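There are 4 protein chains.
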Amino acid sequence: MSGNSLGSRLVLTSFGESHGKCIGAVLDGCPAGLALDENDIQPMLNLRKPGQYDISTQRQEEDLASIISGVFRGYTTGAPITMIIWNKDQRSKDYDNLITKIRPGHSDYPALVKYKQFNDFRGGGRFSGRLTATHVLGGSIARKLIKITLGIETNSYTVQIGKIKIKNEPTKNSIESIYSNEVRCPDQESIHDMIDAIKSAKKSGDSVGGIIESVTVNTPVGLGSPIFNSLESDLSRALYSIPSVKGVEFGSGFASSAKFGSKNNDEFTIKNNKIITTTNNAGGILGGLSIGMPIVIRIAFKPTSSISKMQNTVDVETNQNTTLNIKGRHDPCVVPRAPPVVDSLVSLTLADHALQDGFIKPVI
Amino acid sequence: MSGNSLGSRLVLTSFGESHGKCIGAVLDGCPAGLALDENDIQPMLNLRKPGQYDISTQRQEEDLASIISGVFRGYTTGAPITMIIWNKDQRSKDYDNLITKIRPGHSDYPALVKYKQFNDFRGGGRFSGRLTATHVLGGSIARKLIKITLGIETNSYTVQIGKIKIKNEPTKNSIESIYSNEVRCPDQESIHDMIDAIKSAKKSGDSVGGIIESVTVNTPVGLGSPIFNSLESDLSRALYSIPSVKGVEFGSGFASSAKFGSKNNDEFTIKNNKIITTTNNAGGILGGLSIGMPIVIRIAFKPTSSISKMQNTVDVETNQNTTLNIKGRHDPCVVPRAPPVVDSLVSLTLADHALQDGFIKPVI
Amino acid sequence: MSGNSLGSRLVLTSFGESHGKCIGAVLDGCPAGLALDENDIQPMLNLRKPGQYDISTQRQEEDLASIISGVFRGYTTGAPITMIIWNKDQRSKDYDNLITKIRPGHSDYPALVKYKQFNDFRGGGRFSGRLTATHVLGGSIARKLIKITLGIETNSYTVQIGKIKIKNEPTKNSIESIYSNEVRCPDQESIHDMIDAIKSAKKSGDSVGGIIESVTVNTPVGLGSPIFNSLESDLSRALYSIPSVKGVEFGSGFASSAKFGSKNNDEFTIKNNKIITTTNNAGGILGGLSIGMPIVIRIAFKPTSSISKMQNTVDVETNQNTTLNIKGRHDPCVVPRAPPVVDSLVSLTLADHALQDGFIKPVI
Amino acid sequence: MSGNSLGSRLVLTSFGESHGKCIGAVLDGCPAGLALDENDIQPMLNLRKPGQYDISTQRQEEDLASIISGVFRGYTTGAPITMIIWNKDQRSKDYDNLITKIRPGHSDYPALVKYKQFNDFRGGGRFSGRLTATHVLGGSIARKLIKITLGIETNSYTVQIGKIKIKNEPTKNSIESIYSNEVRCPDQESIHDMIDAIKSAKKSGDSVGGIIESVTVNTPVGLGSPIFNSLESDLSRALYSIPSVKGVEFGSGFASSAKFGSKNNDEFTIKNNKIITTTNNAGGILGGLSIGMPIVIRIAFKPTSSISKMQNTVDVETNQNTTLNIKGRHDPCVVPRAPPVVDSLVSLTLADHALQDGFIKPVI
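Protein chains in written order, with the numbering used here: chain F, 1 to 364; chain C, 1001 to 1364; chain G, 2001 to 2364; chain L, 3001 to 3364.
Structure below.
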């Protein structure tokens, strides 16, 4: 399988399966001297945890993270930091009748072809959205690291659920308030409609998708590189590791294609002795490098593939067309659980670049 | 700078500068036994070449590629293949007055902060779109490799220029015809409007962007991996190495966010003894793996940053606000030159995965 | 710290500390379909385990390995295989007075300079020979993998302890018998003297080193590559990850420097329709590639750095010269515990190359 | 083939073939701001050049290096530095009759099995010692980089040719004088015998090997890491990329295996307010980290494989035993040409670690 590591100087290796014994991660390359214990990780994990609201899957996982290496007397040592979450509420039984009928929208079919009967299909195995908890294990550390060393802060929030889009631009305050509502939305006017959209989909055995926006402030100028490790390259690579993501854009993104250069270029000016741009269509990145403006990313999530509506599919045992009725506990919409995952992947990528380029020292 | 290599088993290393002596690439990991000479590379390079039409930059570069290592008696040997294009028509003079006034939309500012006075700013140096020719150097080989070993074929074409979108779905035939028109568009009805949009922008000293769609057929089932080396992760990483790209989406992409799961899931069925999906909202990828359906990607290009309209900016020498009037020869729209670059990056990524997973042998 | 991973296609990541909660490893890239449970790992771990004989450290560790990911219904799935050994008998107290007096021959001094007060110095932390158990975690799997797919078999044994060298050339039979004696020596005539050498060193509060020889048979022709990933490059890199190793040579190694080419070249001949060499001064590797002859490596281990004899050193707190008397339970000679570690690193390296070059398929 | 790159933060990619159009290298990751032109490279290349003395091959290559990317106005820019040497005096004819009779000691046989008829066998192709010139291309830059930023200096010299070993320990002065004699030996008393040993071997159509010692001074404390990227791991990996190397040892190396710990441990003491060791059996490395003492490596070279004496071998066309008489121009001993290559690989490895750990900044 391979391909379970992210980063070059700060490397996150993800392991575990949705319904195996555990999920976990090794974060290698974190500087020595970062104060760290489970309390730096658990809150962010909790924000991603299943079963928090009735709009989420009812799988009950405490998702308790333990740090089992790399920390000594309360500080990181420079050694690989290993974190583990033991799976509790697995109920693999729910998946027993899914073995031969391949689920539309899921990895069942290509995974079967690729890994044959050896694939751990229980709850999606390695392909499960549950694995994004391992991104948060590493991401919570990266997020703390870039915050205390460089002041960088990443925040992600919901800007669309199904057809419901936010009506008001997010503000610093509204972004800080998102975890007080179930859909992690900064726009008070849209929250109710978004929740309704999810409940309504759930009621009809269906699902909805949505869009997360991520804004990172206080990035120094010059993170990244041209060509193959541009910030856009590395950020998108990281974000596409989230199973449901089907689109990633920076700044004005797809909309920029329809604009004139004279409208899309962000003009430079001097403000408080600092060079800034007066607009931010570039999303904070030019030539693959950060320019000191907020890094703005929008990430499109498809609707959850697991729906209880009857679907046509193929039975790979009989090699016949058939129908499928998925049981089990699923999120009618994964978007509200995504912000901490997006924050994690953005933080890991920026921390990696910051370490590569000497913005952060090996001992802090 | 680093970050000049792409791929893990098939590795493309790009080198050179827009107005330096040359640009070039080393492709390491190509199997032995592939018939190869410059004629496999030059045609694809020619399709990307500047100065072909009056809607493109008037810089005259022959862009003649030479293979200088890795080929013996007409076949690849397994050794690194080095290719070089000597720069001819550099006219660095055009850029002399750009040194201190940072160009909006360009990398000038972060590159100056990051690399100080050492940055080769001539024509954008390493940050220039000209470097995408190095992607084509490697990509033309990768494209041939996956075509003759696995039958995989990637084609990219213009679906939007500025506000002009294609009105008819591309067909196999219309895609094959794109290089007979200046904008590489498969829709006869839209070509004229697209050309007009570019000419009109050029006339007013402005620029436009657009959207390229890429379709890859005959991919075997099972290329890719879950999590960090998903096909989406690796394809998007590669595509974001193109300087003007600000959005990448797969299948129904951002549109899927507004759909119900029951509409977005692609149902499986059996056709001619093969398992296929009846729709392709997934863009040929589920769980990070190819499913044998066409891989469909859309790539958003921002409008060219170099415009001759007057712009506000900062002079970094005087640290004062100023205005800027960019001279030089620039594409009012880079999109028509992008299809071979997109084909290259998609082919390189798929070839890399095919080699990693043993779909292609080390000697073919 | 980083640098905790080995391999490019088959990647072993080591984690944990000598006196932390655990040590463990993630093996990423192992093909799906390999029958695997703890019984494939434990026997090899047991052969490396401390406290087996009175010539070894008296630290009592059961070294019980658990597989916590990557195996499903008795077979590898292709996902990362995570293995963990919980530390039991840590007695960190023994190390309390070592904090400021830097131990000669140990990493204390550079680790303190590099990681400051954050270094986990307990029992050597990350620098401890105990970490070689994590090599065995991955190596036992690699060893099984190349055995059942390609018939490759690696065996390592002691050829020198202190000044005592073996007197008779090892044979297939004598190599198979090594674990019946405490020093893992294939030469019955030398065993007694070797044990004596260790006991005598121990008695005087001193330590001895030695040399391990490793022989790998049934390697196919063509593993490896010229230049930077030559088999010698990758094998030596792996072997030097063992803390006490200070020399690595292949075939006639250092002795070849004094020979004439006409004596050192191995002539080719045909035997049983197979091309072989009549001698094996090359140690089975030419041009960085395996030639099908046994791969022969000799690895020099320095004497254990921890000795109870009084030593001169520096107290880094007072910055004064001082003397040091190391307590604690240490091996007077680590060589007898090294064969499974060497077998592991050789197997991991060969398995990695076999996977890279398609000698082993992603699903077996 | 792959495996043509060395390093993780500072990456050298080697390309070209012995009798192809050129050989060359790309050095990626070199900091911006290093004053650089061909004069920094050519002198070191000249010291490795063939045809300098009558004890060396008579192939006449000027080995003129050109820098074709990555340098602007006399300084490195941070972009990949590409260097090229066009091959001149190839005389591939000499090799025509070697195609089917596999040369003992050479890569012919495994290369043929691995790359089939596609292998570029001319003069050894990718496997030729000539490719070590590409190590010098990158190494000369790395050597300058660590010298001017950290004061690190690597020097290598001959300590053994055939059976002739130096009789006097090298001194700073004698090391500086080595290039005034043909065998690069610091011991005036041994030079004559060494030259004689080579001439005598040449006269009888034979060859000899030898040992190079490398000493690096002024290394800061703490370069390297424990486990898989120990300095020993990375240095040995690099050094084994030299085709004739069959042994690498650090400090007292193989000799340490026969010593007691109390004799092999280097005691610490304070001298001029600096912590040093009173001996240097560790060769400057403990726990994989530099300790500030000289890094001492000895590298064993086998005798040149190309000899003109008649040898038994196999004709792979007829699959019959046969005899072989190698013509062509070969070094009877490659050791005198090795010091700049060893200096290069040591410097590249140390520079890579210095960059990884922030000892050298991205812009100097």
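The C-beta atom is built at its ideal place from N, Cα and C for all residues, glycine as well. Note that the structure is a prediction, hence the values are computed from the model and not measured.
Counting along the chain, F:Phe-250 sits inside the beta strand (DSSP E) bounded by residues 245-250.
At a cut-off of 7 Å between beta carbons, C:Pro-1080 contacts chain L.
Considering only beta carbons, the part of the stretch 296-309 of chain F lying closer than 7 Å to chain C consists of Ala-300, Phe-301, Lys-302, Pro-303, Thr-304, Ser-305, Ile-307, Lys-309, in chain order. C:Ala-1035 is bridged by DSSP to C:Tyr-1075. Contact between the stretch 255-265 of chain F and the stretch 1298-1306 of chain C is established, with three or more Cβ pairs separated by less than 8 Å. Here DSSP, grouped into helix, strand and coil, assigns F:Thr-13 to strand. Annotation: G:Thr-2278 is outside any beta strand (DSSP E) and is labelled neither H nor E by DSSP. By the beta-carbon neighbour count (other beta carbons within 10 angstroms, threshold 16), G:Met-2310 is exposed. Against chain G, the CB of F:Val-136 has no partner CB under 7 Å away; the residue lies outside that interface. Annotation: C:Ala-1255 to C:Gly-1261 spans about 12 Å, alpha carbon to alpha carbon. Between the stretch 1167-1179 of chain C and the stretch 2009-2017 of chain G, the count of C-beta pairs closer than 8 Å stays below three; the two stretches do not touch. For G:Asp-2206, the C-beta contacts it makes with chain L under 9 Å involve Phe-3260, Gly-3261, Ser-3262, Lys-3263, in order along the chain.
Contact check between the stretch 3077-3088 of chain L and the stretch 3032-3041 of chain L: three or more CB pairs, one atom from each, fall below 8 Å, which counts as touching.
In this structure, G:Gly-2284 sits away from G:Ser-2230, with a CB-CB distance that is not shorter than 7 Å. Scanning chain F for C-beta atoms nearer than 7 Å to the C-beta of C:Leu-1289 yields Ser-107, Pro-110, Ala-111, Lys-114, reported in chain order. Our two residues, F:Glu-61 and F:His-353, have alpha carbons roughly 33 Å apart in a direct line. Counting along the chain, no alpha helix (DSSP H) covers F:Met-310, and no H or E run does either. In the structure shown, C:Arg-1237 adopts helical secondary structure according to DSSP, grouped into three states.
Taking the beta carbon of L:Thr-3313 as reference, the chain G residues within 9 Å of it are Glu-2267, Phe-2268, Thr-2269, listed in sequence order. In this structure, the straight-line span from the alpha carbon of G:Pro-2332 to that of G:Ser-2306 is close to 8 Å. Between C:Asp-1343 and C:Thr-1132, the CB-CB gap reaches or exceeds 7 Å.
For G:Gly-2033, the closest Cβ of chain C is not nearer than 7 Å.
Listed along chain L are Gly-3358, Lys-3361, Pro-3362, each with a C-beta nearer than 7 Å to that of F:Gly-358. At a cut-off of 7 Å, the C-beta of F:Ile-68 has a neighbouring C-beta in chain G. If you look at G:Arg-2130, you'll find it isn't in any alpha helix (DSSP H); DSSP assigns it neither H nor E.
At a C-beta separation below 8 Å, G:Ile-2102 has these neighbours in chain L: Phe-3268, Ile-3275. By the 16-neighbour rule on beta-carbons within 10 angstroms, F:Thr-318 is exposed.
Residue state for G:Gly-2328 is assigned as coil, using DSSP reduced to three classes. With contacts defined by Cβ atoms closer than 7 Å, G:Thr-2277 and G:Met-2293 form a contacting pair. Annotation: Cβ neighbours of F:Phe-250 in chain C (cutoff 8 Å, chain order): Lys-1246, Gly-1247. For L:Arg-3048, the uninterrupted alpha helix (DSSP H) run begins and ends at 3042-3048, by DSSP. Annotated as proximal: G:Ser-2018 and G:Gly-2123, with beta-carbon spacing under 7 Å. Put simply, the backbone Cα of L:Gly-3210 is about 20 Å away from that of L:His-3135. The beta carbon of C:Ser-1241 falls within 7 Å of a beta carbon belonging to chain F, placing the residue at that interface.
For C:Thr-1100, no alpha helix (DSSP H) encloses it, and the DSSP letter there is neither H nor E. Cβ neighbours of C:Gln-1320 within its own chain (closer than 6 Å, five residues either side excluded): none.
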